[in-house]
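*Asks:* Under our numbering, read the sequence shown as residues 1 to 887, first letter to last.
A virtual CB, placed ideally from N, CA and C, is assigned to each residue, including glycine.
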Amino acid sequence: MEIDTQSLFDLSQNTVLQEILAALARSIAVLQSNLETTIAIESITRFFLLAFLVFLGGGLVVLGHKLFLVYLQLKPTFSFLEVKPPQQTLQSSYTTQQLFTLIHGLAQQRSWWQRLIGNQKNYSFEIVSTKDEGIRYLLRVHEEDADLVKKGLLSYLPGMSITTIDDYLPNSLDQNKPLIAEFSLAHHFTFPLKKQDELSEHDPIAYITGNMTKLLPNEIVVFQVVASPLNKSAVRDIKRISRLIYLNRDLISGLKNTHSTNILFALLKLFFFSIFYIVTLPLGLIVATASGGKESPFLPLPFSQEKEKTPNPYQQELEQYIKGKLDQQLFTVSLRLFIAGNSENAHKRVRGFTSSLASFSNSYQYIYKCNDFRLAIVEQIKNFAFRNRLILPIRTSILSISEIADLYHFPFTTTTRTEDIQKIHSKELPAPVSLKKARDLDVTFAKNTYGGNATMIGLNQEERRRHMYILGATGTGKSTMLLSMINQDMQNGKGLCVIDPHGELIESILPLVPKNRIKDVVYFNPDDISYPVGLNLLELPTDVTGDLLLREKELITESIISLFHKIYDDKYSGPRMEYILRNTIHTAFTTENPTLFTIYKLLINEDFRKKATRNLEDENLNDFWKYEFSKAGDYQKVKMISPITNKIGRFLFSPTAKRILEQEKSTINFDDIMDSGKILLCNVSKGKIGEDNSQVFGTLIMTKIQLAALKRARQKSADRKDFYFYVDEFQNFATPSFAQILSEARKYKLNAILAHQTTSQLEDKSLVNVTLANIGTVICFRTANPEDERLILPQFIPYVQPGEIDNLPSFHFYIKIAALHPEEPFSGETMPIAIPDNESKVQAIIEASRNHFATLFVAKTIKKPKPALPQKPKREKPKRAHKAFPD
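If you want it as structure tokens, here you go:
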């Protein structure tokens with residue numbers, strides 16, 4: 001057989017070529033496989049990079065949203081409310097829960113835009129303690145909600161004091177080197193804290209406030225609870241737990257702490273869950289499509305299968321507690337403790353405060369102090385959050401209204417006695433509706449503040465005609481109230497009389513007299529002895545005769561006898577003295593221009609008495625002097641008249657009294673003062689004229705005003721002008737007859753405003769009851785006399801309790817208006833009045849009053865008889881000598 005070498009060569013060449021081609025094909029296959037692997041790696045890389053970018057973008061969006069919500073917390077305008085509870089606070093835990101329920105409902109009222117972006121209102125509940133101001137309860141609320149919150153607080157605890165204040169924190173906290181500790185729930189938020197239902201047995205707030213006492217002068221401690229309402233439907237954990245309970249699944253093992261403070265762990269957890277769902281989503285979609293939509297496209301997480309419930313007694317009890325918490329309204333809360341001013345003691349206080357929170361611990365939940373990174377930026381963030389009362393996305397807790405109510409409430413006073421807590425020892429009471437809508441007030445003299453809303457306090461003219469009674473210790477605000485009313489009456493052109501036994505009130509009134517009324521002022525100042533005003537007690541009007549004259553004499557007689565009873569002890573002014581004085585006064589009326597000293601002269605001057613009684617027409621008077629007085633022996637006469645002569649005689653040796661009482665014609669006409677509406681200012685200062693003279697002159701003025709009012713019976717009612725009678729320390733001048741005339745003074749339009757310090761100053765306690773029986777408006781400032789409370793408290797019970805009157809702050813009072821329609825008592829505060837410094841105006845008023853209503857005193861000179869001229873001795877004529885005859 002012939003072998004073709006060329007063919008063999010070609011064959012071999014083909015075989016080699018095939019091998020080369022095969023090798024080339026294998027290389028290409030490897031390259032292609034490597035390329036596919038590379039492409040696959042690139043695809044996977046792109047996928048994970050995309051997933052990471054999606055995660056990062058989502059995280060940035062979430063973070064941006066959170067920061068935007070934090071920014072929105074800074075925008076509103078806020079109000080700071082300082083709340084002072086009454087001395088007794090016995091509100092139950094349930095009652096406090098209802099208050100926070102109201103606040104939760106108020107915070108939920110948002111606009112559609114706020115609901116869309118998830119913006120919530122937040123409120124800050126704070127307990128602030130300093131050495132100077134003690135422990136105070138403060139609230140920061142949205143300004144638009146302040147009035148509603150005030151109303152809610154007053155409904156929760158009537159009588160509390162609510163004051164709008166400025167923020168107590170400085171603009172910068174760094175200079176005080178503060179320490180801020182943050183607190184949070186240790187376990188899942190659904191595990192509730194220990195309930196504090198029996199506050200009457202144990203009140204945990206005592207431990208919190210107890211760690212805020214004994215501060216240094218520059219130290220401040222603040223417990224801050226910043227709360228924002230939580231929408232349950234927006235919290236996935238609440239939905240899941242509710243589903244577990246509904247499906248009767250194992251609840252305890254299903255609870256995981258979703259509020260871990262480890263931020264890195266939370267971010268990693270979120271990242272891996274995102275990867276899991278991205279990877280399993282296609283498979284889930286296939287499963288969902290194959291099942292016809294019966295299965296969810298989201299596959300369950302590994303180890304997330306819910307186990308069947310195997311309940312035990314402990315779990316059943318815990319489940320009831322969890323359900324109880326989730327059934328309530330919930331708040332997102334940031335708990336903080338702020339300490340500044342004493343760095344050495346700060347950490348000790350934090351430890352003490354942390355231990356005080358142990359009262360809220362139980363076997364499955366407690367509050368712990370969050371650990372801090374001691375970094376400057378962290379401290380700056382904490383300071384910023386505390387200063388602006390922010391709820392940050394981290395270190396928050398979810399608390400129910402009952403848990404917040406247990407953490408922040410007023411101490412239950414029967415079990416808690418923490419020192420330095422600011423309280424009001426006399427509660428505020430709201431003004432009646434009739435006063436709030438009143439439009440016809442004749443005078444306003446104070447304001448009622450209740451729940452931050454102010455209402456002017458005043459009386460209309462008809463109420464003023466039923467008189468006003470003011471009781472209060474010195475320095476509590478009585479004179480301020482009187483000055484306010486007097487000033488308005490003067491400005492309104494009204495007639496008035498003021499009796500002041502101290503002089504300070506009159507000195508404050510004089511600069512306030514309007515210029516157009518300077519000529520209306522009658523300034524009665526007994527200390528001005530160079531220009532004495534004339535007051536003749538026995539002066540009779542010249543325009544009356546007959547029965548009217550007899551009536552006038554009777555009124556004057558009774559007023560003088562009342563004066564003697566007022567200023568002298570009963571043992572010196574008994575029936576015998578009254579009988580003699582009555583006869584002597586009526587006898588004095590028969591003399592020409594009688595004065596008080598005419599009585600004295602009738603009793604001690606026999607010649608004058610004989611001349612005055614010689615032609616008496618009154619048989620009774622004639623018999624008294626002829627058959628009673630003249631028949632007494634000298635010793636008996638002295639004993640009979642000495643009580644009278646001793647009292648009148650002392651005025652003879654007092655220039656102040658003598659120059660006023662000895663004038664035969666009174667220089668002031670009380671009838672004209674009342675009818676023409678003048679301003680009578682009586683400065684009967686005890687310090688200047690003595691206590692006895694002050695009492696005498698004050699009583700005399702009161703008597704004269706009383707007589708002038710009674711004379712108005714002759715006038716038509718329409719012609720009687722209202723006249724306002726202000727008497728400070730009226731116990732010095734009040735007589736039984738004046739107390740009785742209060743019942744009739746209204747129809748004579750004599751409107752009395754009576755003020756004094758204490759009922760103990762009245763020897764006749766029945767005088768208080770008689771006065772109150774005829775008073776339409778009763779006002780009581782602080783008094784420290786138990787007797788005052790016994791007499792005056794029945795006017796205010798049950799709205800005012802024992803001990804509250806004694807604890808009223810200065811310039812605060814309780815008032816009851818019962819002149820027309822009895823009203824509930826309410827509280828008030830006087831309003832200060834600016835007194836101008838105008839000495840020239842005061843001097844002009846005094847000079848005008850001197851010119852019109854006083855006389856310049858000129859000492860009387862007694863003409864002494866001229867001594868007889870000495871007679872010259874008669875010279876005897878010398879005897880003529882007999883001329884001797886010469887021898």
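(1) Can you check which of these residues, I805, P432, L550, E823, is closest to A473 by C-alpha distance?
(2) In whole angstroms, what separates the C-alpha of I486 from that of F608?
(3) Secondary structure at Y364, three-state DSSP: helix, strand or coil?
(4) Alpha carbons only, please: which of V770, S361, I580, K686 is nearest the one belonging to Q636?
(5) Taking 7 angstroms as the cut-off, decide whether the C-beta atoms of F853 and T656 are in contact.
(6) What residue range does the alpha helix (DSSP H) around V149 cover?
(7) Got a sec, what are the start and stop residues for the beta strand (DSSP E) M456 sits in?
(8) For the alpha helix (DSSP H) that M212 lies in, which residues bound it at each end?
(9) Using three-state DSSP, classify L106 as helix, strand or coil.
(10) Taking its Cβ as the centre, do 16 or more other Cβ atoms sit within 10 Å of W625, making it buried, or is it exposed?
(11) Are the CB atoms of E182 and R395 within a distance shorter than 7 angstroms?
(12) Alpha carbon to alpha carbon, how far is G493 from I561?
(13) Report the residue ranges of all alpha helix (DSSP H) runs contained in full by the segment 745–776; include only those spanning at least 4 residues, in chain order.
(14) Scan the segment 114–141 and note each continuous alpha helix (DSSP H) run of 4 residues or more that stays entirely inside, going in chain order.
(15) DSSP three-state label for I500, please.
(16) Check the DSSP bridge columns for R336 and list the partner residues they point to.
(17) If we ignore side chains and look at the alpha-carbon of each, how far apart do K232 and S242 end up?
(18) If you draw a straight line from the C-alpha of R140 to the C-alpha of T354, how long is it?
(19) So Y321 is in the alpha helix (DSSP H); what residue range does that whole segment cover?
(20) Provide the residue span of the alpha helix (DSSP H) that contains I641, from first to last.
(21) Quick one: Cα of T261 to Cα of S827, how far?
(22) Can you have a look at D788 and say buried or exposed, based on whether 16 or more other CB atoms are within 10 angstroms of its CB?
(23) Taking just the CA atoms, how far does I339 sit from Q108?
(24) Let me know if R26 comes out buried or exposed under the rule of 16 or more other beta-carbons within 10 Å of its beta-carbon.
(25) Under the three-state reduction of DSSP, which class applies to D719: helix, strand or coil?
(26) What are the partner residues of K369, as DSSP defines its beta bridges?
(27) Could you pull the DSSP bridge partners for I518 from this structure?
(28) Near Q757, which residues of its chain fall below 6 angstroms by C-beta distance, leaving aside the five closest residues on each side in sequence?
(29) Determine the DSSP secondary structure at K195, reduced to helix, strand or coil.
(30) The alpha helix (DSSP H) spanning K84 covers which residue range?
(31) Using three-state DSSP, classify H565 as helix, strand or coil.
(32) Need the endpoints of the alpha helix (DSSP H) that L596 sits in, please.
(33) Would you kindly work out how many angstroms separate the C-alpha atoms of I775 and T418, rounded to a whole number?
(34) Report buried or exposed for P798, applying the criterion of at least 16 other Cβ atoms within 10 angstroms of its Cβ.
(35) Would you say the segment 703–718 touches the segment 526–533, given that touching needs at least three Cβ pairs under 8 angstroms?
(36) Measure the alpha-carbon distance for Q91 versus L157 and round it to whole angstroms.
*Replies:* The structure says:
(1) I805
(2) 47 angstroms
(3) coil
(4) I580
(5) no
(6) 146–156
(7) 453–459
(8) From DSSP, M212 is part of no alpha helix (DSSP H); its letter is neither H nor E.
(9) helix
(10) W625 should be labelled buried.
(11) yes
(12) 35 angstroms
(13) 766–773
(14) Listed in chain order, there is nothing to give.
(15) Sequence check: residue 500 is Asp here, not Ile. DSSP places D500 in strand when its eight states are reduced to three.
(16) E182, Q224
(17) 10 angstroms
(18) 24 angstroms
(19) Its alpha helix (DSSP H) spans residues 313–326.
(20) 634–652 is the extent of the alpha helix (DSSP H) around I641.
(21) Only weak support exists for where T261 lies, its pLDDT of 42 falling under 50; the value from the coordinates is given anyway. Between T261 and S827, the C-alpha separation is close to 51 angstroms.
(22) buried
(23) 32 angstroms
(24) exposed
(25) helix
(26) F183
(27) DSSP output for I518 lists no bridge partner at all.
(28) A473, T474
(29) coil
(30) Taken as a continuous stretch (DSSP letters only), K84 belongs to no alpha helix (DSSP H), being part of the beta strand (DSSP E) at 78–84.
(31) helix
(32) 596–604
(33) 42 angstroms
(34) exposed
(35) no
(36) So the alpha carbons of these two residues sit roughly 8 angstroms apart.
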